[in-house]
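Reading through the structure tokens given below for one structure.
Numbering (full-length UniProt numbering), first residue to last: 1 to 252.
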């Protein structure tokens with residue numbers, strides 16, 4: 001009744017609604033778009049692809065990395081995509097140009113893979129920092145921020161698990177630092193120190209990255225492994241991971 005009176009749909013219901021609408025009344029195909037590029041294919045459901053195919057019957061280039069799954073309810077595999085597009089040409093890209101050799105090697109160990117090939121650009125070994133408690137973690141974080149401010153690097157990303165954690169940390173650090181909060185409401189990316197969740201960090205890159213609270217309770221499922229992999233691969237040059245008490249067993 002709420003949907004009928006407000007004339008709104010939950011996002012998760014939009015594509016099933018369009019799919020049913022197409023079955024009964026059809027959808028108007030786009031004649032303007034001649035080639036469609038779809039990124040982050042791992043975050044789309046089969047029914048979303050079905051609707052997209054009806055709206056855009058043109059040729060497509062579809063890109064993605066199934067090791068960077070952000071939605072735990074989307075269990076697609078590359079085999080599922082190949083079933084939807086059985087006449088497609090499949091090309092696997094394995095070389096990473098963003099991060100140093102040491103960071104990519106570290107990321108590969110998190111996912112237990114070796115397909116991702118780093119370029120021969122070396123840097124510092126990723127640093128794991130033990131913290132006795134949250135207060136100790138904050139003190140060590142502030143020391144890292146001071147070092148960044150004295151460095152030549154332009155961007156540092158502090159990455160936490162959720163948007164609510166990012167907002168809370170932003171409130172704690174704002175009185176003492178010129179920092180940015182990357183949230184669902186953000187409209188642009190600023191250089192300097194940024195705080196963000198893993199979800200909001202997708203597609204971004206930073207000179208330095210500090211990932212907080214990578215303990216056993218926060219990162220223990222296969223979905224958590226994917227999130228940690230996303231966070232690690234946001235970093236170009238210097239990676240720091242902090243954990244309180246017991247580290248995640250995904251850490252090398």
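All C-beta atoms, glycine included, are put in the ideal place defined by N, C-alpha and C.
Under the DSSP assignment, residue 197 falls in the beta strand (DSSP E) whose first and last residues are 192–197.
DSSP, read as helix, strand or coil, puts residue 61 in strand. Considering only 205, 126 and 84, the residue with the shortest C-alpha distance to residue 98 is 205.
Under the DSSP definition of a beta bridge, residue 206 partners with 235. Within the DSSP secondary-structure output, residue 244 pairs in a beta bridge with 131.
Of the residues assessed, residue 107 falls on the buried side of the cut-off, its CB having 16 or more other CB atoms within 10 angstroms.
Counting the other CB atoms within 10 Å of its CB gives residue 15 a total of 16 or more, which places it among the buried residues. Assignment of residue 169 by DSSP, reduced to helix, strand and coil, places it in the helix class. Annotation: the continuous beta strand (DSSP E) that includes residue 155 extends over 155–160.
Remark: three or more beta-carbon pairs, one from each stretch, lie closer than 8 Å, so the segment 235–242 and the segment 127–140 are flagged as touching. Excluding its 5 nearest sequence neighbours in each direction, residue 63 has C-beta neighbours in its own chain below 6 Å: 39, listed in chain order.
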